[in-house]
Structures are given as structure tokens and as C-alpha cells.
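A.B. asks:
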Amino acid sequence: MTELFREERLLIDGELVEASGGRTYENINPATEQVIGVAADASAEDLDRAIAAARRAFDETDWSTRHEFRVRCLRQLHVALLENAETLRPTCVAEVGCPIQATYGPGLDVPIKNVAEYADFLERYDGWSEEVSVKDPYGLGDSRRWIEREAIGVVGAIAPWNFPYEPNLKKICWPLAAGCTVVLKSAPQTPWSALNLGKFIKENTDIPAGVVNIITSLDAAIGEQLTTDPRVDMISFTGSTAVGKRIIEATAPLLTRVTTELGGKSPWVFLDDTPDLVASAGLAGAGICFNSGQGCVMLSRILVPKNSLGDVAAAVKEAMANVPVGDPMDMQTVQGPQCSEVQRQRVLDLIQVGVKDERSTLICGGGKFTAMKKGYFVEPTAFVCEPDATVAQEEFFGPVVCIIGYEDEEDAIRIANNSVYGLGANVSSADPERAKRVARRIRAGSIGINGGHWYGSEVPFGGYKHSGLGRENGVAGFEEHLEIKALAIPVKYEQ
Numbered sequence: 002m003t004e005l006f007r008e009e010r011l012l013i014d015g016e017l018v019e020a021s022g023g024r025t026y027e028n029i030n031p032a033t034e035q036v037i038g039v040a041a042d043a044s045a046e047d048l049d050r051a052i053a054a055a056r057r058a059f060d061e062t063d064w065s066t067r068h069e070f071r072v073r074c075l076r077q078l079h080v081a082l083l084e085n086a087e088t089l090r091p092t093c094v095a096e097v098g099c100p101i102q103a104t105y106g107p108g109l110d111v112p113i114k115n116v117a118e119y120a121d122f123l124e125r126y127d128g129w130s131e132e133v134s135v136k137d138p139y140g141l142g143d144s145r146r147w148i149e150r151e152a153i154g155v156v157g158a159i160a161p162w163n164f165p166y167e168p169n170l171k172k173i174c175w176p177l178a179a180g181c182t183v184v185l186k187s188a189p190q191t192p193w194s195a196l197n198l199g200k201f202i203k204e205n206t207d208i209p210a211g212v213v214n215i216i217t218s219l220d221a222a223i224g225e226q227l228t229t230d231p232r233v234d235m236i237s238f239t240g241s242t243a244v245g246k247r248i249i250e251a252t253a254p255l256l257t258r259v260t261t262e263l264g265g266k267s268p269w270v271f272l273d274d275t276p277d278l279v280a281s282a283g284l285a286g287a288g289i290c291f292n293s294g295q296g297c298v299m300l301s302r303i304l305v306p307k308n309s310l311g312d313v314a315a316a317v318k319e320a321m322a323n324v325p326v327g328d329p330m331d332m333q334t335v336q337g338p339q340c341s342e343v344q345r346q347r348v349l350d351l352i353q354v355g356v357k358d359e360r361s362t363l364i365c366g367g368g369k370f371t372a373m374k375k376g377y378f379v380e381p382t383a384f385v386c387e388p389d390a391t392v393a394q395e396e397f398f399g400p401v402v403c404i405i406g407y408e409d410e411e412d413a414i415r416i417a418n419n420s421v422y423g424l425g426a427n428v429s430s431a432d433p434e435r436a437k438r439v440a441r442r443i444r445a446g447s448i449g450i451n452g453g454h455w456y457g458s459e460v461p462f463g464g465y466k467h468s469g470l471g472r473e474n475g476v477a478g479f480e481e482h483l484e485i486k487a488l489a490i491p492v493k494y495e496q
């Protein structure tokens, strides 16, 4: 077995430490169901120390004003990750269950590349100060007026497990670029993907003690403690809509700033003039199998003209039959296991809801992938369904796609918007202008047109409706971590 690179200790106040009392919990490989090691199981006391360290590092040091120093620290972290990528790769696969081919993209390499882009962004960002005007609106004499932006303070970050390096690094590095300090609570299913970062920060960067603190724990109360601590100025959460709503409710009495990136039920609208519509829609449907469908913006609803519905369903079924499912360490594998037995059972339970629903018809899959004797595998699964069917409305976070027929363009737009979510979408058409027109009427935060790829560190990412509040990435995402201060001084003092 390949040696796994793992750090089992927490990062608190610049030190790699065990959880209080030496508590640990088991880390399980979802492809084999075997225990591959342990991670520190932090207590309320550990989190309290981490928050105190972050508060002190922000209030009592000049971290937030040393822009060039922060650039250097981010570049040091980038180099350390780049130099260790090949040792992290099998660890990521063993812990998450994502296919190793995905680590050459969003699973590992892209998040590492993005760390350098965060540093680049900080170097060119010019919004720290902005002149407004000197006119006198009240007859009190002219004043020079300007605004300054400064770091909001301590950020409590709560990350998901599906592509752990991407959110972990994003939730650490954007606040660092802004001058904030951070307490990261990682997903309990993927502890090493967070704790390994703590090791690199401690051993390979000049990031001061307390600026970054990393916590892993099985105790759900730890997340609630982080979100309700008055020393935390901002909560950045990625995860389910249900948990996001609870966080917003919990933080309301403190008026803590909250950004949430939540669930999705994203549509891919194939307009009736799409070239090779049946084949294209078939491949798009099978695309849900990438990373076992474990992505918030996965295109899980395929919308096609009703007169093509039968042919598209057959094409999706055929494409899914050819999806390589199996050992995630095999470079040919596209779909590995679900991240945990709990997640697999949730997917299987929702599939059964669809099987029993008169508004949906199972066309392939629907159960455990029994060709793999071990592991939390689910068959590639597809339904043909009505727009209001439960499976067309609920997020699976698994390899399950819904194919929905529409009457005309207006009906396609209506169905695309028939969701509490609004995270992403795709629109395909032979006419780019028509595709743009339809895209503008879909209420979603990110939309690809004819296969356009919108995701990147420079592009704001977030959703409408129940898909979240605020944005990550780009100028908009960066400035979520900043406060705006207005200043004025009489002109006579400037002369």
C-alpha cells in the first residue's frame, strides 16, 4: 500500500498539538471501508484556545496591515504544497474516495495553483483606499472624503468534504489575503486534508502564530460553538442548505457577518437547436458520475424537448453503462465511492423515494454497485421525471440525474427556475445569442453557455435563493472579508 502523508495534530496558536486528553477518531477509506489512521478529536476547550489565538493575532499584531508580508506567506505555502503534491495525491484519494484522475484537477492541483493566484490578486488589488469627493452638501465647509477597506477580523471557516483541498485552501487563503485571521473547522470525514495544511503552515511559512488555526472534531457542537462565539467576526460556511440556515439563525443575535455556499439542483438546458442534441445530452447526463456526483454545482437536471425525451433517456442509460466505476486509485476510474456509508445510504434512500413516486421513472441504476465487494459505491442512476417530482427537487449529492422534458423555450426557463436552489446552470444552443438570452433569465449564480467554464479564483462564485448568501472568489469574494470605513477631514487641514 502506498505510504500516506498525514498529520494527525491540530494547529493552534502556531503549534501542532494533540486534542485535549489525547482524543482521536478513526479515519476511514470509503473505497475499502478500512481504518487508515486517526485524527485529533478537538474539544470545546481546544476550539476556545484556537479562537483566542486568532483574536489575539488580529488585535495585537500588524498582520492585517502588512500586505507584502502576506503575499510572501501565501507564496511560501504555494511552494510547499507544490513540492509535496505527489505525496498528498494518494492521501487525498484514500481519505475522500475521489478518483485519482480528479486530483490532477479540482481535487488537488487546481487548489494548489489557486494559492499562487490569491497572492497575485493581493499584489494587484487597489481597493484599500478610494477618494469620494470634497463637495460640501450641508454648508459646513468642504471636506476631503474617502473610504478605506480593512480586514473584518477573525473568520470562522467551516468546510465540506467533497473536494476538501479546494474549500480548505480557499477558506484559509482568501481571509489571509484580506488580512484576517482564521479558525478552520474541517469536515470530520476528511481530517487529514485540513491538518496536512497545518503542518505546511507551521513548518514552511512565516505565517505568525495564531493567524491560522485548524480544528478537526467529530462533535457537531464544535461547529455551533464556533458560530456563536462573539470573538468571531465572520462565518464562512460551505455545506448543506439545512445547516446553513441553522448557522444564519444562530449568528443573528450577534449580527455576525455570514457567507454561505449551499446546495444546488442545477439544470442543463438543451434548447431544441442544440447540435447533436441526443448524444450531447446523453454525455451530459453521465457527467453526474464525476466524483460520484458529490459536487454542489453538479448539473443534475437535464432539460430537453419533450419530443427528444425518449431518445435522450436511452442515450443517458447507454452513457452511464460505460462510466468506469471502481478503484479510485485507477487512473481510468471516473466514479469512486460516496464519501461515507451515511452519505451512500442517504443517496439510496432518496432513490427509493423516486422509485415509489408516480412522477418519476427509474431508467437505470438505483442500488449499490455490487461489482465492488467493498466500499460505499452506488450505481450510476437516472430517472425520467416531472419537474415537481421529489427527485427533481431534492439534492442527491450522488451519481443520480433527472431527465425532464419541456414544451418550448418559455417552458424550459420555467422548469429551470422551478427549484429552491439557484447555484449553477448550463445552456446549449446553436445560436449563442439565444443561449445568452435564456441564461440571463435563469436565476442562478453561475451559468455556462455552450460548455463555457466559469469557475476560477478570479470569478465570483455563489448562488441565488437557497443556494446561499454572498460570494467566494474574485473581487466580490475577497471584499466579503473587508469592512468599509468612511473618513473625512476639512480641506483646510490638507492644504
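Our numbering applies: residue 2 is where the sequence shown begins, and numbers increase by one.
Every residue, glycine too, gets a C-beta built ideally from N, C-alpha and C.
Note that the coordinates shown come from a computational prediction; the quantities given were computed from them, not determined experimentally.
Under three-state DSSP, which class holds residue 372?
C.D. replies: Correct three-state label for residue 372: coil.
A.B. asks: Is any heavy atom in the ligand FMN found nearer than 7 angstroms to the beta carbon of residue 343?
C.D. replies: You won't find the ligand FMN in this model; it holds no ligand whatsoever.
A.B. asks: Under a three-way DSSP split, which group does residue 193 fall into?
C.D. replies: helix
A.B. asks: From the DSSP secondary-structure annotation, give me the bridge partner or partners of residue 379.
C.D. replies: 369
A.B. asks: Per DSSP, residue 256 forms a beta bridge with which residues?
C.D. replies: BP columns for residue 256 are empty, so no partner.
A.B. asks: Quick one: which unbroken beta strand (DSSP E) runs of 3-plus residues sit fully inside the region 239–325? Chain order, please.
C.D. replies: Whole beta strand (DSSP E) segments, 3+ residues: 258–262, 267–271 and 300–306.
A.B. asks: Going by DSSP, name the residue or residues bridged to residue 147.
C.D. replies: 132 and 488
A.B. asks: For the alpha helix (DSSP H) that residue 478 lies in, which residues bound it at each end?
C.D. replies: 475–480
A.B. asks: If you draw a straight line from the alpha carbon of residue 192 to that of residue 139, how long is it in whole angstroms?
C.D. replies: Their backbone Cα atoms lie some 58 angstroms apart in a straight line.
A.B. asks: With burial defined as no fewer than 16 other Cβ atoms inside 10 Å of the residue's Cβ, what is the status of residue 336: buried or exposed?
C.D. replies: buried
A.B. asks: Helix, strand or coil for residue 88, going by three-state DSSP, please let me know.
C.D. replies: helix
A.B. asks: Along the chain, where does the alpha helix (DSSP H) containing residue 426 start, and where does it finish?
C.D. replies: Premise fails: residue 426 lies in the beta strand (DSSP E), 425–429, not in any alpha helix (DSSP H).
A.B. asks: Is it the case that the Cβ atoms of residue 310 and residue 268 are separated by a distance below 8 angstroms?
C.D. replies: Between residue 310 and residue 268, the CB-CB gap reaches or exceeds 8 angstroms.
A.B. asks: On the three-state DSSP scale, how would you describe residue 174?
C.D. replies: helix
A.B. asks: Check this for me: beta carbons of residue 422 and residue 171, under 8 angstroms apart or not?
C.D. replies: In this structure, residue 171 does not lie closer than 8 angstroms to residue 422 by Cβ.
A.B. asks: Given this structure, state the Cα-to-Cα distance separating residue 166 from residue 178, to the nearest angstrom.
C.D. replies: 17 angstroms
A.B. asks: DSSP on residue 465, reduced to helix/strand/coil?
C.D. replies: For residue 465, the secondary structure class from DSSP, reduced to helix, strand or coil, is strand.
A.B. asks: Any idea if residue 66 is buried or exposed, counting beta-carbon neighbours within 10 angstroms, 16 or more meaning buried?
C.D. replies: exposed
A.B. asks: The beta strand (DSSP E) that contains residue 406, what's its start and end?
C.D. replies: Segment 401–407, the beta strand (DSSP E) holding residue 406.
A.B. asks: Could you check where the beta strand (DSSP E) with residue 16 kicks off and where it finishes?
C.D. replies: In this chain, the beta strand (DSSP E) harbouring residue 16 covers 16–18.
A.B. asks: Taking the beta strand (DSSP E) that residue 216 falls in, what are its first and last residues?
C.D. replies: 213–216
A.B. asks: Given this structure, state the Cα-to-Cα distance separating residue 437 from residue 377, to the nearest angstrom.
C.D. replies: 40 angstroms
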